[in-house]
Each structure stands twice: as C-alpha cells, then as structure tokens.
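See structure below.
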Amino acid sequence: MWEKIEIYFFDIMGLLIPGVVFLTGIIFTFLFLISGDLVNDIHSVLNKIVIFKLIYKMDKEIKKQIWLLVVFFVFNAYLVGHVIKVLSKLYYWFFRLIFDKFINQIFSLFIKWLGSRTRKLIRVIQIFNSWKPSLKKFIKEYIKDIYKFIKYNLKVIFVFGTEDYEKDNKPLLEESLKIINDRYKTNFPTKWYSIYKLSKIMIYHENLKNMNDTFLAKYNFYRSLSFICFLQLALLVFLSFHKGLLNDYAHTIVIVLLVVNIIFWYTFHEKYKRYFKLCGNETLVSIYYHLKTTENK
C-alpha cells in the first residue's frame with residue numbers, strides 16, 4: 001500500500017499542496033483586503049471578456065457541477081506547483097549570492113575586527129578573576145549558551161545555503177567512492193554530486209529501503225512554502241504602500257498577515273535546510289551500508 005502512495009507522494013507534497021497554498025493565499029488576499037470599488041472595477045473588466053460572460057451566464061449550471069471547478073482548481077494548482085518549485089530554486093540561489101557570498105562575509109569580517117578591538121579595550125578576565133569560581137563558570141556558560149542561540153538563529157535567518165550532508169560523514173563519502181571505483185573499475189571524482197546520482201540509481205535497482213524520497217519531497221515542499229511566504233510578504237508590503245486598493249479594515253489584517261507570514265517563513269526556511277541535509281545524509285548512509293554489506297559477496 002505504501003509503495004503505491006509513495007509513487008504520488010512527491011507530486012502531492014512537493015507540487016500540488018504548494019500550488020493549492022499559493023492560489024488560496026491569493027484568493028484570501030483579494031477577498032479580505034482589497035476594497036469593494038476595486039472588486040467592482042475588476043468585475044466590470046471581466047464582463048467585457050467573452051469567456052467570463054459565458055461563465056457568468058452559466059453560473060447556475062456550474063454550481064450544479066461544482067466538481068468541475070474542484071478538478072479545474074486542483075489541476076491548475078498542480079501546474080502552478082511546478083512553477084513555484086522552479087522559482088523557489090532561483091529564489092534560494094539568488095539570496096545565497098546576496099547573503100552567503102556577500103553580506104555575511106562582510107559581517108563576519110566586521111565581527112572579527114570588533115572582537116579584536118573589544119579585547120584590547122576591555123579586560124573582562126581581570127573582573128572574572130575576582131569572582132568566585134562557581135559564579136564565574138556559571139556566567140561564562142550562560143553567555144556561551146546565549147551566543148550559541150543567537151548564532152544559530154542568525155544562521156537560520158540569514159544563511160540560504162545548506163550542507164549536502166553532515167560534515168562528520170565525509171569519510172563515508174570518500175570510502176564509498178573508493179569501493180565503487182574498485183568494484184566497477186571506474187574513476188569517479190570524490191564529489192558529492194557523483195555519489196548522489198550513482199547512489200540514487202543503485203538504491204532504486206537494489207530496492208534499498210530508506211527515507212530518501214520522503215526527505216526529497218519534504219525539502220521541496222518546505223522550500224516552496226518558504227518562497228510562497230516570501231511572495232506573500234512582498235505582496236503585503238506592496239499593498240501597505242498602496243492603501244487606495246484596500247478596504248477600511250485591511251490595515252489590521254495586513255499587520256496580522258505580516259507577522260504570520262514572517263513566522264511561517266522562518267519555520268519553512270529552517271525546515272527546508274534541515275530536510276535538504278537529511279536527504280543527502282540518508283542517501284550517503286544508505287549507499288555506504290549497502291556497499292559495505294555486499295563488499296565480500
């Protein structure tokens with residue numbers, strides 16, 4: 001049963017649901033935020049288009065065949081999901097160039113410079129030495145925990161690249177490629193992409209049980225949702241500067257939606273990077289286990 005579900009799991013989670021979320025978000029924004037005058041203007045424009053005239057005339061018949069609208073919505077959500085998936089890759093690629101390759105590098109250099117200056121101006125160690133050892137240890141550990149918390153969250157928010165797998169598993173990559181090259185008389189380079197593509201083929205043909213495809217679907221899912229939240233934030237910021245398009249009570253809703261989308265963006269952004277690494281890690285560990293268990297056969 002699970003094997004049949006697994007065939008469509010990626011399409012449903014990675015493409016269909018993000019498409020549904022995106023279209024629903026647009027509908028929600030228009031229904032709850034834009035002014036009645038703008039709705040009337042849009043309605044007048046649509047009335048001049050032949051296809052929409054026919055739809056309005058067939059309103060009663062369409063309501064009787066509501067399943068056709070559902071099928072139409074789901075089909076278009078699936079198509080939109082493909083677009084969202086591709087654009088979300090470009091979105092992360094672009095922001096890696098902006099933050100990971102540029103802003104974060106400058107910020108890191110600034111922090112190092114500030115740290116060196118601070119150590120010269122303030123002699124905190126002399127103050128610590130006058131305190132009781134237990135109190136000194138407690139304060140140092142507490143400050144260290146705060147530093148780890150801030151560093152982790154800054155990395156989550158402002159870092160858009162992610163690791164292919166756990167750094168501690170690098171020896172598995174090297175040994176796996178060594179076994180593959182010896183066994184199949186090949187000369188694959190010691191690079192992640194080489195082992196990943198070959199591993200996917202071997203996992204499929206050897207029918208190895210693992211969570212790779214599930215993690216793949218999930219990281220595509222969370223990356224798309226992160227991108228959708230970013231688009232919603234951009235739309236809300238745009239509308240907040242064009243208040244003539246909004247209704248009288250939209251100001252409060254815009255603030256609420258901004259907060260909600262920021263929270264969701266942070267969540268999906270963090271989960272995308274986590275599942276991306278889990279996907280690569282699962283592939284690497286699975287192929288290493290398979291190669292080692294079949295080494296002497």
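If you count the sequence shown from 1, position 284 lands on 284 in this note's numbering, and the numbers rise without skipping.
Ideal Cβ positions, reconstructed from N, Cα and C, are used throughout, including at glycine.
Only a predicted model underlies this, so the values are computations on that prediction, with no experimental measurement involved.
Within 10 angstroms of its Cβ, does residue i collect 16 or more other Cβ (buried), or is it exposed?
i    : result
E282 : buried
A234 : exposed
Q232 : buried
K292 : exposed
F215 : buried
W93  : exposed
N187 : exposed
H251 : exposed
G81  : buried
G244 : exposed
W67  : exposed
Can you list, in chain order, the residues of its chain whose CB lies under 6 Å from that of residue i, leaving out five sequence neighbours each side?
i    : result
D164 : W192, G280
L257 : L236
F9   : A217
V254 : L236, S240
Where DSSP assigns a beta bridge to residue i, which residues make up the other side?
i    : result
L246 : I34
Rounded to whole angstroms, what is the Cα-Cα separation between residue i and residue j?
i    : j    : result
I180 : F28  : 53 Å
Y249 : V237 : 16 Å
F75  : L87  : 19 Å
K273 : I12  : 20 Å
I157 : E295 : 43 Å
T190 : E174 : 6 Å
V70  : L246 : 29 Å
S286 : S224 : 27 Å
State the CB to CB distance for the pair residue i and residue j, rounded to an integer number of angstroms; the pair is presumed to be in contact (CB under 8 Å).
i    : j    : result
L284 : L208 : That belief does not hold up - the Cβ atoms of L284 and L208 are roughly 12 Å apart, past 8 Å.
M211 : H290 : Actually they are not in contact, since the Cβ atoms of M211 and H290 sit about 15 Å apart, beyond 8 Å.
V159 : D100 : 6 Å
I17  : F268 : Actually they do not touch by this definition, with Cβ atoms about 12 Å apart.
Y91  : G19  : That belief does not hold up - the Cβ atoms of Y91 and G19 are roughly 16 Å apart, past 8 Å.
Spatial neighbours of residue i within its chain, please: CB distance less than 8 Å, with the 5 preceding and 5 following residues excluded, ordered by chain position.
i    : result
L121 : No answer about L121 holds up, because its pLDDT of 49 lies below 50 and its placement is not dependable.
With a threshold of 7 Å (Cβ to nearest heavy atom), would residue i be considered close to the ligand MN?
i    : result
N153 : As presented, the structure is devoid of all ligands, the ligand MN included, so that no description of it is given.
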